[in-house]
Each structure stands twice: as C-alpha cells, then as structure tokens.
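In this text, residue positions in the sequence shown follow full-length UniProt numbering: the first is 1, and each later residue adds one.
Where is the CB? At the ideal position from N, CA and C, for every residue including glycine.
Computed from a predicted model, the values in this text were never measured in an experiment.
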Amino acid sequence: MKDDKIYVLLGAGGHAKVVLSLHQAAGLKLVGVCDPKLVSAGALTWQGNDVLGGDEALAVLDPTQTRLLNGIGIMPNQDLRGRLQAHWEARGFIFPVCVHPTAWVAPDAVLGSGVQVMAGAVIQPGCTIGAGTIINTRACVDHDSKIGKQVHIAPGATLCGDVTIGDGAFIGAGATVVNGREIGARAFIAAGAVQVDDAGENERSFGLYTLRKRVSQ
C-alpha cells in the first residue's frame, strides 16, 4: 500500500475504526476524515485525525493524488458503502485495495478496487474478490472461491473452497459455507450458520441443517 499519495477516510463509525487501524498498521498516515455527522456535531478531530468536513471537502482535492478509504461497513439490505464508492470513482477518485500486514493473500488472488482484508484473514489461491468487498477479521476464503462486489464476509466466517458469492451478499460472523455452494446476490447467511445448500438471491438462511437432521431421526 505504500506510495506518495494522500489518504482520506470516509465515515467515522465502528468499521471506520477498523480501517484506520489497518491503515496505521501498514505504516501510512491519513490527511483526515470526512463525515457529515462529525461536522454536524462540531467535531474538529476524530481518533486523533483532523475532520476535513463532509463531501464538500473532497470536492477540492485532486483525485489523481488522493486515495479514499471506505469506512462505511456493510449491513444486510444496505448499499450506502457501494453507492459511496461508485459516486467518488465516477469523479476520478481511487479506492485502493487494503490488506492488513497480518492477513495472508495468495499471490494469484485477484482483488477488486476498494477490497479490504482485515487482520488475520486468509485468501487462498485461485480466488477472485469483487470491488468494495470486506474480508473481515480472521475470515477465511479458501481456494478457487469467487466473491462478488460489496460483499461482507464477517469476522471468523469460513468459505470452504470453490464457493461462489453474489454481489451484496452478507455472510455472518462465524458462518461456514461448505465446498462448492453458490450464494445468490444480496443473500443473508446468519452468524454461526453451517450452509450446506445453495442459497438464492435475497434468500435468508439461518443454518438449520443440524436441527432438521435431528427432527428427521
């Protein structure tokens, strides 16, 4: 990630704190933070960084010299993160790939713009990760998996290899998706679920496979 560009963090919530921590671990320094709520509250600093303002602060920056860090998280059925990235990319700004120094990413893995790989996460060979996707703390994406845009693989989740995840899907904390499954766009897999079947677009799955098995015995 090291270069001579300036970095600006968008957002000031919980996910933004994690992105800031990643950025600091990589040895880079922010110019400041942009968040309308901080401006409304009259805040001058956030987490030791200057508050630059809202969107108007970005409008005066040179897109060729500025890199934006997306501090907006991904929650089910919410697309603020994706819309924010699309808005500023259309104006020439770049969202860099961010990989925590303690994460491991296979050399042949392909990561789209704005992908964030958090501390302790693993991305194995043959994987493709779409733009804006979050591979959160200690999540594991095993071999040959294909993940769409603006997907959240939450902390501790595991994709067991050759898994396909559609755009905007949400894989909850500690969930496991077994080998070869396909999870549709905007699907929701609950925290702790064991997903042994495919899930369609917009489907919500709570990993009741074990319960169904017990009932049938």
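Hey, out of V151, Q150, A175, H15, whose CA is closest to L159's CA?
Out of V151, Q150, A175, H15, A175 has the C-alpha closest to the C-alpha of L159.
Would V105 and I123 be called neighbours here (beta carbons separated by less than 9 Å)?
yes
If distances are taken between C-alpha atoms only, which option among G184, I171, R181 comes closest to G192?
Here the closest residue by C-alpha is I171.
How many Å lie between G53 and Q195 at the Cα?
43 Å
Decide if P107 is buried, meaning its Cβ has at least 16 other Cβ atoms within 10 Å, or exposed.
exposed
Decide if the stretch 129-143 is in contact with the stretch 58-67; the criterion is three or more beta carbon pairs, one per stretch, under 8 Å apart.
no
Taking D108 as part of the alpha helix (DSSP H), name the residues at either end of that continuous run.
Run containing D108: none; DSSP gives neither H nor E here.
Which first and last residues belong to the alpha helix (DSSP H) in which V18 is found?
14-25
Shortest alpha-carbon distance to G180 belongs to which of D142, A154, G207, K149?
Closest by C-alpha distance to G180, out of D142, A154, G207, K149, is D142.
Cβ of L30 within 9 Å of Cβ of V8?
Yes; because the gap between Cβ atoms is below 9 Å, this pair is in contact.
Assign Q150 to buried or exposed, taking buried as 16 or more other Cβ atoms, counted over all protein chains shown, within 10 Å of its Cβ.
buried
Let me confirm a value: A25 is counted as buried when at least 16 other C-beta atoms fall within 10 Å, else exposed. Which label applies?
exposed
Where A199 falls: helix, strand or coil (DSSP):
strand
Given that a residue counts as buried once 16 or more other Cβ atoms are within 10 Å of its Cβ, and exposed if not, what is H152?
Counting every other CB atom within 10 Å of its CB across the protein chains shown gives H152 a total of 16 or more, marking it as buried.
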